[in-house]
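Chemist: Can you keep this structure in mind? I'll have questions shortly.
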Amino acid sequence: MKGKFDTLIDQDTPVLIDFYADWCGPCQAMTPVFKEVAAKYEGKVKIIKIDVDKNQPLAQRFGIRSIPTMMLFKQGKELWKKAGMMTGRELSQLLDQAI
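The sequence shown begins at 0 in numbering that gives the first Met the number 0 and counts up by one.
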């Protein structure tokens, strides 16, 4: 039986996961970027934020060693994974390639 997370990423719509923590400065700096991207890709990409402190098993499952880390999934498959900060333009370019 699939877990909630696996069901979430196993869909035709791409799912962008942001692994973050509340205490992480670079993660907080990414907030406006995610808001911009969420507005631009509304209905085309789902964006989910996962707090690594509250979801340690999930962070371990995907080998999250630094934050922020973004991962993009489509139909249950990992399309890409990127650690560190990104600009809205960089993130948009990666999403455009995946859609």
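Glycine is no exception: its CB is placed at the ideal position from the N, C-alpha and C atoms.
In this text the structure is predicted, and so the values were computed from the model without any measurement.
Assuming residue 30 is part of the alpha helix (DSSP H), what are its boundary residues?
Modeler: Per DSSP, residue 30 belongs to the alpha helix (DSSP H) from 30–39.
Chemist: My output table needs one value for residue 20: the three-state DSSP class, helix, strand or coil.
Modeler: Residue 20 falls in the coil class under three-state DSSP.
Chemist: Can you tell me whether residue 66 is buried or exposed? The criterion is at least 16 other CB atoms within 10 Å of its CB, across all chains shown.
Modeler: The residue is buried, with at least 16 neighbouring Cβ atoms inside 10 Å.
Chemist: Rounded to whole angstroms, what's the CA-CA distance from residue 9 to residue 57? Just pull it up for me.
Modeler: When rounded, the distance between both Cα atoms is 16 angstroms.
Chemist: Would you tell me roughly how many angstroms separate the C-alpha atoms of residue 52 and residue 20, rounded to the nearest one?
Modeler: Using only the alpha carbons, I get a separation of about 6 angstroms.
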